[in-house]
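Visitor:
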Amino acid sequence: MSFSVLITTYGLAALAAAQAGGAAVAISEMAFGDGDGFAITPDAAQTALTNEVHRRAINDISVDANDLSRVVINCVIPQDIGGFSVREVGLILNDGTLFAVASYPETYKPTLAESAGRELYVKLIMSLGNATNVLLEIDATMVMATVDYVNQANDALAQATTQEIAASILAHKEETDPHPEYLKQEESDMLYADIAHGHSLNARIYFIGGF
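Start counting the sequence shown at 5; every next residue gets the next number (the numbering used here).
1) In angstroms with no decimal places, state the Cα-to-Cα distance between residue 8 and residue 118.
2) Here's the rule: buried if 16 or more other CB atoms are within 10 angstroms of the residue's CB, otherwise exposed. What is residue 129?
3) Have a look at residue 30 and residue 19 and give me their C-alpha separation to the nearest angstrom.
4) Going by the DSSP bridge assignment, what does residue 19 pair with across the sheet?
5) Tell me the residue span of the beta strand (DSSP E) that contains residue 109.
6) Quick one: using the 10 Å Cβ neighbour count with 16 as the cut-off for buried, is residue 35 buried or exposed?
7) What separation, rounded to the nearest whole angstrom, lies between the Cα atoms of residue 122 and residue 93?
8) Quick one: is residue 116 buried, meaning 16 or more other Cβ sit within 10 Å of its Cβ, or exposed?
9) Nearest-angstrom Cα distance between residue 23 and residue 63?
10) Let me know the secondary structure DSSP gives residue 68 once reduced to three states.
11) Going by the CB atoms, is the gap between residue 125 and residue 80 shorter than 9 Å?
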């Protein structure tokens with residue numbers, strides 16, 4: 005059996021309105037259903053899943069870097085939610101309507117109480133012709149992120165941190181007197197000359213770490 009994503013009649017109307025200059029399509033949630041015990045065939049006339057068992061905010065939505073006409077939507081069901089099978093998936097707009105429906109390979113989502121708790125990662129990829137008509141926003145309060153999202157964020161942070169460190173070192177080296185707490189060569193020579201001639205010194209020298 006092949007699995008596919010189909011934009012509903014309402015979804016197509018929302019896209020047409022966006023292309024005509026209306027508001028961008030805002031996908032906010034992903035719904036999961038068990039198909040009432042059977043595999044489903046997506047129908048454009050659908051306004052709801054056959055039998056919805058769970059719904060949650062999407063974790064990430066982005067334009068496919070390899071195809072700018074495609075949108076990638078990710079959602080994660082955490083370990084503590086389950087006890088149902090997933091055979092159908094729906095994309096929900098921020099007004100609560102069903103934008104698209106997908107058939108999904110039958111997958112049982114266990115719970116922690118079953119001693120087999122695990123996260124379920126679902127990724128849907130849709131070709132929309134013009135992905136700029138889709139609002140690319142996610143709920144900033146979401147506490148989970150996909151592995152790809154975390155890796156990309158870490159790479160960006162590492163690059164920024166490296167650049168900041170390099171700039172800081174360069175600026176430090178260019179300072180006329182980056183460590184005024186240290187004795188300069190001529191001051192050190194004078195100090196040791198005084199000691200050599202038996203002069204009494206009432207001072208203590210502190211060394212503070214630095215570059």
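Note that CB positions come from ideal geometry on N, CA and C, so glycine has one too.
Guide: Considering the structure as presented:
1) Locating residue 8 in the sequence shown gives position 4, where the first residue counts as 1. Locating residue 118 in the sequence shown gives position 114, where the first residue counts as 1. C-alpha separation (whole angstroms): 31 Å.
2) Position 125 of the sequence shown, counting from 1, holds the residue named residue 129. It is exposed - the Cβ of residue 129 has fewer than 16 other Cβ atoms within 10 Å.
3) For the purposes of this step, residue 30 is taken as the residue at position 26 of the sequence shown. For the purposes of this step, residue 19 is taken as the residue at position 15 of the sequence shown. Rounded to the nearest angstrom, the two C-alpha atoms are 10 Å apart.
4) Stepping through the sequence shown from its first residue, residue 19 is reached at position 15. Paired residues: none, contrary to the question.
5) Taking the sequence shown and counting its residues from 1, the one referred to as residue 109 is at position 105. Segment 102 to 113, the beta strand (DSSP E) holding residue 109.
6) By 1-based counting over the sequence shown, the position of residue 35 is 31. Residue 35 comes out buried.
7) Here residue 122 refers to the residue found at position 118 of the sequence shown. Here residue 93 refers to the residue found at position 89 of the sequence shown. Using only the alpha carbons, I get a separation of about 18 Å.
8) Position 112 of the sequence shown, counted from the start, is the residue given in the question as residue 116. Within a 10 Å sphere around the beta-carbon of residue 116 sit fewer than 16 other beta-carbons, which makes this residue exposed.
9) Here residue 23 corresponds to residue number 19 of the sequence shown, with the count starting at 1. Here residue 63 corresponds to residue number 59 of the sequence shown, with the count starting at 1. If you take the alpha carbons of residue 23 and residue 63, they lie about 25 Å apart.
10) To locate residue 68, count along the sequence shown from 1; it is residue 64. Correct three-state label for residue 68: coil.
11) On the sequence shown, position 76 is the one that residue 80 refers to. On the sequence shown, position 121 is the one that residue 125 refers to. The answer is yes: Cβ separation under 9 Å.
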